[in-house]
Amino acid sequence: MMFNGILSGDLPRSRVLGVVLIAIVLGLLLTPFLLPGAKALNVAAKICIFIVLVASFDLLLGYTGIVSFAHTMFFGIGAYGVAIALNDLGPTWWAVAVGLSGALALSLVLSLVIGLFSLRVKAIFYAMITLAVATAFQTLASQLSDFTGGEDGLSFKIPELLSPAFSLREQPFLGVALDGRLISYYLLAAVTVALFLLMLRIVNSPFGRVLQAIRENPFRAEALGYRTVVYRTASNVLSAGFATLAGALLALWLRYNGPDTSLSFEIMINILLMVVIGGMGTMYGAVVGTTLFIIAENYLQDLLKLASGAVSGVPVLRDLVHPDRWLLWLGLLFVLSVYKFPTGIVGKLRARVRGAA
Amino acid sequence: MSSSTTTVPASGALPTVKLDRLPMLLLPVLALAALPLVGSVSSWVTLTFAGLAMGMIIFIMASGLTLVFGLMDVLNFGHGVFITLGAFLAVTVLGRAAGWTESEHLLLNLAAVVPAMLLAMAVTGALGLVFERVIIRPVYGQPLKQIMITMGGMIVGQELIKAIWGPQALPLPLPASFRGSLLMGEAAVEKYRLIAVALGLGIFAVLFWVLARTKVGLLIRAGVQDREMVESLGYRIRRLFVGVFAAGSALAGLGGVMWGLYQQTVTPEIGAEVNVLLFIVIIIGGLGSVGGCFIGALLLGLVANYVGFLAPKVALFSDILLMVLVLSWRPQGLYPVVKR
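Quick mapping for you: the protein sequence lines, in order, are chains A and B. Per the working numbering: the first sequence = residues 86 to 442. Per the working numbering: the second sequence = residues 363 to 702.
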């Protein structure tokens, strides 16, 4: 079957999940036509970018069983690479290529060094080391203000084809102006699909099986003759590379990059939540988790605003459902999902199928 | 490794462990090496006291973390919440007692600060019990889940703190008689730093006494080295662990009060930010070692202050640099905890 080939033989294996995935893909593709306005398009673009980022984190956390807190560092490297190159060399495709390859090279070297130095030790050790390194990197980025724009970040122009001023055709198509923004969005969506399918290919390859074996039982994997350090480091490097690409996409879409948009620890927490809520070690979990989380981030606040209006007389409850406290509710969902359904939404849906069969 | 440190003496005396003095020498060596670099004696004295004060406060916050890890292999990424909570409780208590803290009278100041510290310790200690029961107990022995669940606990805790106190930074001014500096010859040393050093030394002494001279301490140390052996002798190590966890949380709360007073402003992120420093300190010290944690914290404080004076740009990475240097000398930390 054609689908089987495209999805590397890793089908959703649950009818509900299949429907949800198709709905998400269609929704993302049709957003410019169904939901006019800048906010909806921005939300859709953010979902695309984070699907790549979260899936790359899943490669590391869900498939290899490594907890890293330096994932946003690589995301930031990608974003800064493109931002700095476009800022210094002007808005050309050449500059994008230079920035992207520089960022990829830096990410690969960094992830290789961190991996070789600290993946030999316990998971907890690695988590702590990456946390420290990521914090240092964030400080570095905000201190080197001549280079990175410091706390203010960098605003830059992007190649003409992608800029909002560019127009493909005078007449709008189905009521939507065919401008550079629309082209950017579809380019972004296409790259997202390609990268996601590539990652799906990787985790379903023999290499991916070894990663899962290491996750399940590192001693046994080592005993079977696989050098776990090599495989773990390779997984670390790969996931860093994909995160860098996601960062580059973010910078191109926003035409801006600063420490808060790509490097902050908050984003690290968010992607951890997305992976776990969606379902670790499933790849599709990244799609479901990301979509749910980003929609919640953008629209749960509106819902909470309604709720807090309804209970504005009750002192404690009023503060708990304050619109700014949306992360509280997602945090609770996160804790619950680690306990109650560690395989996340996707795992839950698949288990239901298995139970029925 | 120190597996051969136990010597069997010829006489009938009990075998003793040779004291490893090398890491202890690091502190005076570092301080003396910094003296010619800094140049003037008076600024050196100021910097040294600043470093010691910072190190002491960090030690108070980190000691619980390292013991909890040593005893049960639990690394609490949510430790920062207790620190934040302690600091915010201090804001509330000292804010209520503004009349006493603004008074020039030392006793009135103490009457405000001491209850604030005690309350912070009581609340964070009690919360530590709940945290252990609800968050950590279900995931013993599963490091991956532990990391995530304690992280989740921190997110929820931090959001709850924001819900109660609001997301903005709050001022936490020092009580009147703690402000200003004492002149020691040419050098000016802030009073609060002296207090922090004294309190830190006091707490280290108490901890050291408990661990080295009491039965509970003996069991804790034995548990860190070999949990199953202690259990097979009939001691409930879980119960011991709960106690250590609560005590560690209470110390984090106390450290939070002191750190908040040191910074003089309190934000809901204060604990999460300092958590990174704590991890570095307990890695430097050797996971599970209280003595190592003490030396590591003081080293970090001193290095941060010396480097901050000599090369402010480098100071941002001095912690990581220190960690890399220490780990390349002793990969398991200053005092590796021998585990069976």
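For each residue, glycine too, the CB sits at the ideal point set by N, CA and C. These numbers were taken from a predicted model, which means no experiment stands behind them.
Note that the C-beta distance between residue 619 of chain B and residue 452 of chain B is below 8 Å. Residue 462 of chain B is positioned such that its CB atom lies no closer than 8 Å to that of residue 478 of chain B. Using a Cβ distance threshold of 8 Å, residue 584 of chain B and residue 420 of chain B do not count as a contacting pair. For residue 423 of chain B, the closest Cβ of chain A is not nearer than 8 Å. When A:179, A:100 and A:113 are compared, the shortest CA-CA separation from residue 267 of chain A is found for A:113.
Around residue 248 of chain A, the same chain offers 265 as residues with beta carbons nearer than 6 Å, after the five sequence neighbours per side are excluded. Residue range 403 to 434 is occupied by the alpha helix (DSSP H) that includes residue 434 of chain B. Assignment of residue 551 of chain B by DSSP, reduced to helix, strand and coil, places it in the strand class.
Residue 606 of chain B is not bridged by DSSP to any residue. Residue contact with chain B for residue 209 of chain A: present (Cβ-Cβ distance below 8 Å to some residue of chain B). Pairwise C-beta distances place the stretch 218 to 225 of chain A in contact with the stretch 678 to 690 of chain B, as three or more of them are shorter than 8 Å.
Counting other Cβ atoms within 10 Å of its Cβ, residue 441 of chain B reaches 16 or more and is therefore classed as buried.
Close partners of residue 361 of chain A in chain B (Cβ separation under 7 Å): 510.
In the three-state reduction of the DSSP assignment, residue 177 of chain A falls in the coil class. For the stretch 426 to 443 of chain B, residues whose beta-carbon sits nearer than 7 Å to a beta-carbon of chain A comprise 437.
CA-to-CA, the gap between residue 580 of chain B and residue 574 of chain B works out to about 7 Å. Interface residue (Cβ-Cβ distance to chain A less than 8 Å): residue 513 of chain B is classified as such. Between residue 287 of chain A and residue 557 of chain B, the alpha-carbon positions lie close to 58 Å from each other.
In the structure shown, residue 546 of chain B falls within a strand segment according to DSSP collapsed to helix, strand and coil. Taking a beta-carbon distance threshold of 8 Å, residue 201 of chain A does not count as an interface residue toward chain B. Taken atom to atom, the span from the alpha-carbon of residue 101 of chain A to that of residue 412 of chain A is near 27 Å. Using a Cβ-Cβ cut-off of 7 Å, residue 426 of chain A is close to nothing in chain B; its nearest Cβ partner there is about 12 Å away. Apart from sequence neighbours up to five positions away, the residues of its chain that approach residue 532 of chain B with a beta-carbon distance below 6 Å are 453 and 628, ordered along the chain.
Residue 521 of chain B has a beta carbon lying within less than 8 Å of a beta carbon in chain A.
Contact of residue 666 of chain B with chain A is not assigned, every C-beta pair being separated by 8 Å or more. Closest option to residue 262 of chain A, judged by alpha-carbon separation, among A:399, A:93, A:118 and A:220: A:118. Counting C-beta atoms within 10 angstroms of its own C-beta, residue 107 of chain A has fewer than 16 neighbours from the protein chains shown and is therefore classed as exposed. Rounded to the nearest angstrom, the Cβ distance from residue 99 of chain A to residue 437 of chain A is 7 Å, consistent with a contact under 8 Å.
Pairing residue 647 of chain B with residue 657 of chain B gives a Cβ-Cβ distance under 8 Å. Close CB contacts of residue 178 of chain A within its chain, under the 6 Å cut and outside five residues either way in sequence, are with 244 (chain order).
In the pairwise beta carbon analysis, the stretch 484 to 491 of chain B is classified as not touching the stretch 592 to 601 of chain B: fewer than three pairs are separated by under 8 Å.
The alpha carbon of residue 643 of chain B has as its nearest neighbour, out of B:412, B:672, B:381 and B:425, the alpha carbon of B:425. Taking 8 Å as the threshold, the shortest C-beta distance from residue 305 of chain A to chain B does not fall below it.
Along the stretch 669 to 694 of chain B, going in chain order, the ones with a CB nearer than 8 Å to a CB of chain A are 675, 678, 679, 681, 682 and 685. Nearest neighbour of residue 358 of chain A by Cα position, chosen from B:408, B:517 and B:443, turns out to be B:517.
Residues of the stretch 635 to 650 of chain B with a C-beta less than 7 Å from any C-beta of chain A: 638, 641, 642 and 645, listed in chain order.
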